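Heads up, the thing below is written out as structure tokens.
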Amino acid sequence: MTQSAVSSEPVAHEDDASNVVAWLEHAAHLLPSQGPISVFVHHNTLHAFEQLPFDQAVQTAADLYDCHPYLPEQDYRTALRHGRITAQDLEAELFDVLGDRGDQLIGRLGTRHELWLSMLGHPLREGAEAEIHWFVEETEALYRFRDEASAADKQRSIDDTRRWLVRDYRDEAKVSPELHLRIDRLIDQFGGPGSIGDWDDARWEAFTLHLLWLACEESTAAAPCEHAAANGVGWEAADALVDPVMIRLCAAYLDQGYAPWTLPNRDQGLLAAFLSLHAETRPAESWLRRLPQRVREIQQQQPAAAELIWSLLDELHVPVERREAFLQHELLRLPGWTGTLWQMETNAEWAPWPAPAGSLVELMAVRLLLLTFAAKAADGETPAQSASERRSRQDRANLAFVLFQVAEIRGWSGPDLLQLAPEELSMLLAEIRAFPSRVRRRVYHQAYERHYRNAALGALSAAAARTSPPAAAPAYQIVCCIDDREESFRRHLEEIDPDCETFGYAGFFGVAMYYKGLGEAHFRPLCPVNVKPVHYIVEEPVYTEADASRRRAAARRRLGRAAHGLTLGSRSMIGGLVAGLLGAVATLPMVLRVVAPRLAEGLLRGAGRLVRDQRTRLHLETIADTDGDRKDGYTVDEMAAIVEGLLRTTGLPGCWSPLVIICGHGSSSVNNPHAAAYDCGACGGGRGGPNARAFARMANDPRVRALLAERGFPIPPTTVFIGAYHNTCDDSVAYYDLDALQSEADAALTRAREAIEEARRRDAHERARRFESAALNLSLDRALRHVEGRAADLSQVRSECGHATNALCLVGRRAWSRGLFLDRRAFLTSYDPLLDDDDYSVLAKLLAAVIPVCAGINLEYYFSRIDNAGYGCGTKLPHNLTSLLGVMDGAGSDLRTGLPWQMVEIHEPLRILFVIETTPQAIAKIAADNPAIDRLLAGDWVQLAIIDPADASLQLFRGGKFEPLPTTNDTLPTVASSYAWYRGQRDHLDFALIDAGDAAAIEEAAP
Amino acid sequence: MTIETALSIAGLVVVLAPLLLVLAFCTSALTRWTPSERTSARLTEASVLCGLLAAGFVFVGMLATGSRNVEIELGHWASVHGLSADDAYHFHLKFVFDRLSVPLVFLTFVLVGTVGAFANRYLHREPGYHRFFSLYALFLLGMVGATLAGTVETLFVGWELVGLSSALLVAFFHDRPGPVENGLRVWSVYRFADAAFLIAVVALHHVHGAGDFAELTGHGAWPNGEATLSSGAALAIGLLVLIAAAGKSALLPFSEWLPRAMEGPTPSSAVFYGALSVHLGTYLLLRVSPLLALSWPLSAAVVALGLATAAYGAIVARAQADVKSALAFASLAQVGLITAEIGFGLHYLPLIHIVGHATFRTLQLLRAPSVLHDYQSLENALGERVANGGGPQAAVYRFAYLRGQLDGWIYRFVVEPFLAVFGVCQALEMRWLRWLAGESSGAKAEPTAPDAAQKSEAA
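Sequences listed follow chains A and B, in order.
The letter at position 796 of the first sequence is residue 803 when you use our numbering, and the numbering goes up by one with no holes.
The letter at position 189 of the second sequence is residue 192 when you use our numbering, and the numbering goes up by one with no holes.
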């Protein structure tokens, strides 16, 4: 402890201590920003880097977090083999990247474009020096050409070598004496100069390759070296000692109520709790032996956490100029725990136990305190910085090896390389260096995206070119969430009943509220995360059931207390004894739940129905328009504004039908800590049923309709709205308040319900094709049973696919995409540009929500898929729910943030492509007004194309400006039904048009 | 065919079913043919069903004939004649169906079958799917072998298979260092316990010549056997068996391996550390319970260890913030109680307790990922936040939080001295070798004592 130094420079010290807090809070932005897992909000994993362009951001982050920026090269190569990327895509991408520079000649060995293309086309292995030597000496690498080398190139290379050896090598004195010596030695190895005439083909092949490798080694021997920046700060061993202690401390400190006992003194902050916990311990581990004494010293001095950190940094001999970097490194050591702690400190006032302010700084103080002891214990174990000598040897070996492989593929022979002029050689090496694996992966990735983009835009322009039939009055209309999972539901509904009309609108339907369902303990926000609701809506029993409801609530409370007692008791000694003795009774439910999940779920639900209320209503309206941040309901004015918002955006009022169904969605799964990640993103990871229900009631209210009529949106009195809820996991659809409808709507309602019943079965069937455990030839009913079983199955780690495969977001009228098979990969937002004003205010408001939300979902999936171990949370199998906050891997690891492998397994990591029906001017204005959108667009975090409302022409946004797309004459395949297109297929599907005109064909095609 | 033959055949099927499963998976490993997920699952299912039905048949047969002890002899495998025929030193391969083994073999098949069905879906598309089921089959064989064993040797074989498969399943995710380290930790505790067990077996042979339980525990069917050992021998052998049981069942002072073992996939954690594997030690004690009756100091030791473990588990469980650790320590509390019950000379109560606790805890562990949802439902039912009653005295909390630092103390007082002794031996040996080689000291670099210590620590 450098107390004397501290007291001798008080002023400087104060400055420094405040620096510490600023540094830490700055570095905290690099931590994952995932809060408690019960409220899962999709966001860009690299949000902290959004001010950088995408490519730069992913590479910076890759270095910082030691993660992948793109998929591994071999994945792209597999995609190339399967036609997911075509050779034209790669050519085009290279053309874009290189531009005119592609035609430049590299010595006499072809153009840069050709060189890069062949480096892309074939795997180029790299490795440690010893690995390369092993490969060269122990495998057939120097005896047989790689399989990829074409026969012609191979032959040319051999012929070159032969000619050079017998004709030029002896005559020309171009070769240096040392090289001469090496080549002579090589010839001796092959039997000496006398035997050359007798060499057979195999021997010539081997000699060619040996000479080529020699030439590669020779060419790179003098190459300047690139040093990778030294990574890490050399504290690995000490950090490894500290981590388990920190994990247990964080878990106890942040526990939201799982453990019956809470950490003493945690309300006084992390440092105080840690100090009081350890002041009296007798640590068994030798490295901590002097900790208690030190803790007592600190307790007496009572330094502020920041001061303590500063003095500990002194003690660890971290130079002042390196301290910020050091703190950042330590902060990122357990990013999950540290990030969650930071979230609990700054962003979780609603949680049962939000962490007190200053926790993050105290965490660092505790960590450094432990590190001082660990550093002493680990002294001498810190690996020495690798010598620069060794690194440059490594670098050269790799360069030679890559050069060797490129030469093989390109058909260059050893003499080709040996005869290069020095400046040509250095140019060649620089060229190879300029295209390392990471750049190749970037090019591949862009080609991967280009392929999908071209297909999508081609399909859209083909679909838009269709002449749409004159709009008849629809039989009924349904407004779903924009969610990609509703795409297939809507498509099937339109196929079944061509007279219906479907719309997409953010799934909270403008009703941003805190909602408390009947039988729920807390209000929870049902709206996008960036909206802070002020309206508190409660679900109540209907008047006649109020008494019964009270009785049921009491019964629930009693059952709950009993369950709580049982849970806690089973973990105690005596309660456990009772539970243990009677435990054999648990066999039945266990076996039933595992073997027959659907049956067990049905029984459970049946039992639950006894204590749940059947008939409820929403307390939706408030009489008094009170100001303030809490309103117990909406005024009629507010309701009218909400309804108007939807009408104006979606273009719903174009042609009224007798029935409008507002359909929210959510997902039910069991035994799934990540359940909230499957729910409605527009509801902040909640379930959108109550929003749909509230909206329908508002739109049915005659006073609201009167106000709307004044504002130019008259709703015919014959039109009724009803709310519904689509469960995307078991594909059930429930309706709200049907009993309140007038009988005139019955006919339309019956028709709609029948169609929806069929649509959900077909939806389940289409979804089942992506589940390997569902046979491809399931009937509709079996498919529905299959997805219902998944939702109820304790052992199911893939209850549904979530947003996996999302790639596209359409903003515009449904007419462009109706009848287009989008494979559940597109967010569909209805927007009618004709109803917008000249300021594009409707679109601006729409995009302000749609772009960040969809981009957040898309980028979270992107990063979790690209590097599931680094950005995602790995496989679900060993997950261990901790502190009711998140999951660890097994018994004690960092808290894992991001998405599990099972959610992203089938995802194609692509940046989302927005296709918006509007003009470049509108986009320019909206981006100028909205910095968040501007950042995403300018940094290429999302792709954007626009479709002109007038002539359906497409323009692509690239490099800050719109480029018109050439109209393609490609025709899309046309099929009779979605089923005809997807049947028997597991993989991603191409676009296709569905000609819903022929109803008979559909009947026939239905499974 | 007499009823006895039928029973014997059925009993044989109980053992053969898992054995064939293991053989099937072993052959597949040899032929580089990896069965599909479906095949693996079907094979496991078939094996479990066969075994379960056969066990049911034996059980019904035993009820019908009133037989309380069905023995299946698979021959003498080694025999060295002593002074008299009784003293002959021999190995039997013998399985016994009695009131103790039948419930446990039922429990094994039911739990392994259920959890196997669970794992089939849980591990779907996991790269290690087949490895999991191979190890799982090995575990089943070990469990069945150990529960039905009629001789100590047979029990030991089953015991080892269970230990091996547990350690390998803890290290299932071998791409991360944590599971591998913890798997190794579990393995080393098991080895320690096995050593004690092995010494007990040798001692038993020394005293009796045979490893049959019948010799050890008298000829009555369980639990009415009467041991024929002297009380001194009973105490010595009994203490060794107690150490073996303590290692396997994570009794004090080995308890900290139990939460460490929660690294594998959830289903294996459930069936191993919630249900079967962790009860194997108590099963061993039950099996040799007539021995306990011979020596009151032995019974007292069992009771004391059991109660201490129960108290330890119950206290430590209350400070664990993660689900699997909390359940591990809660299991431990019950295992401790069961041990104490055995020490008190009870037979049926601990048996019922084992069966009940195993099923109950398996269900809890399988539902471990639901805890968040359960808490929300609970809050909804209560209409308020779930209140946890503060905490105990600071010292008690500290004990619970640090889990009594058992591993730390073991490391300091057992492992470190152990390593130090071997380090010294290594140094001496090197010096000796150098002297033999005629080198002057310190001429060549060689592994030094700290190096060796590090290595064995890492191992």
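Ideal Cβ positions, reconstructed from N, Cα and C, are used throughout, including at glycine.
Being a predicted model, the structure only gives us computed values, none of them experimental.
So residue i packs on residue j, CB below 8 Å; how close in whole Å?
i, j, result
"A/Ser837", "A/Gly658", "6 Å"
"A/Pro907", "A/Ile873", "That belief does not hold up - the Cβ atoms of A/Pro907 and A/Ile873 are roughly 14 Å apart, past 8 Å."
"A/Thr812", "A/His995", "7 Å"
"A/Tyr312", "A/Ala372", "Residue identity check: residue 312 of chain A is Ala in the sequence provided, not Tyr. Sure, about 4 Å apart at Cβ, within 8 Å."
Under three-state DSSP, which class holds residue i?
i, result
"A/His626", "strand"
"A/Tyr550", "helix"
"A/Leu116", "coil"
"A/Leu756", "helix"
"A/His89", "coil"
"A/Glu388", "Here A/Glu388 scores only 49 on pLDDT, less than 50, and its place in the model should not be relied on; the value that follows carries that caveat. Reduced to three states, the DSSP call for A/Glu388 is coil."
"A/Ser226", "helix"
"A/Pro505", "coil"
"B/Leu2", "Residue 2 of chain B lies beyond the residue range present for chain B, which begins at 4 and ends at 462; the question has no answer from this structure."
"A/Phe720", "coil"
"A/Gln484", "strand"
"A/Pro665", "coil"
"A/Arg531", "strand"
"A/Asn238", "For A/Asn238, the predicted model reports a pLDDT of 44, less than 50, meaning its position is unreliable; a value from the coordinates is still stated below. Residue state, collapsed to three classes: coil."
"B/Glu76", "strand"
Strictly under 8 Å for the Cβ-Cβ distance: is residue i near chain A by that measure?
i, result
"B/Ile355", "yes"
"B/Glu266", "yes"
"B/Val99", "no"
"B/Leu366", "yes"
"B/Asn227", "no"
"B/Glu184", "no"
With 16 other CB atoms within 10 Å as the buried threshold, where does residue i fall?
i, result
"B/Phe416", "exposed"
"B/Ile6", "exposed"
"B/Tyr351", "exposed"
"B/Ser39", "exposed"
"A/Ser960", "exposed"
"A/Asn784", "exposed"
"A/Tyr847", "buried"
Taking only beta-carbon atoms, is residue i less than 8 Å away from chain B?
i, result
"A/Gly264", "yes"
"A/Asp994", "no"
"A/Ala547", "Reading off the sequence, residue 547 of chain A comes out as Glu, not Ala. Output row for A/Glu547: interface = no."
"A/Met910", "no"
"A/Phe527", "It should be noted that the sequence gives Glu, not Phe, for residue 527 of chain A. At least one chain B Cβ lies under 8 Å of A/Glu527."
"A/Pro267", "yes"
"A/Gln803", "yes"
"A/Asn679", "yes"
"A/Pro390", "Because A/Pro390 carries a pLDDT of 47, less than 50, the predicted location of this residue cannot be relied on, and the following value inherits that uncertainty. For A/Pro390, the answer is no, since every Cβ of chain B falls outside 8 Å of its Cβ."
"A/Arg616", "no"
"A/Arg568", "yes"
Practice task
With 9 Å as the limit, tell me which residues of the segment 855-889 of chain A have their beta carbon closer than that to any beta carbon of chain B; keep them in chain order.
Solution key: In summary, the residues of the segment 855-889 of chain A whose CB is separated from some CB of chain B by less than 9 Å are Ala876, Gly881, Thr882, Lys883, Leu884, Pro885, His886, Asn887, Leu888 and Thr889, in the order they occur in the chain.
Problem - Contact set between the segment 571-588 of chain A and chain B, restricted to residues whose Cβ is under 8 Å from the partner - result: Answer set for the segment 571-588 of chain A: His571, Thr574, Ser577, Arg578, Ser579, Met580, Gly583, Leu584, Ala586, Gly587 and Leu588.
Problem - Proximal residues, the segment 118-150 of chain B versus chain A, C-beta separation under 7 Å - result: Flagged, chain order: Ala120, Phe121, Arg124, Tyr125, Leu126, His127, Arg128 and Glu129.
Problem - chain A contacts from the segment 369-385 of chain B (Cβ-Cβ distance under 9 Å) - result: Those would be Leu369, Arg370, Ala371, Pro372, Ser373, Val374, Leu375, His376, Asp377, Tyr378, Gln379, Ser380, Leu381, Glu382, Asn383, Ala384 and Leu385, in chain order.
Handout entry: Proximal residues, the segment 31-50 of chain A versus chain B, C-beta separation under 8 Å
Key = Answer in chain order: Ile44 and Ser45.
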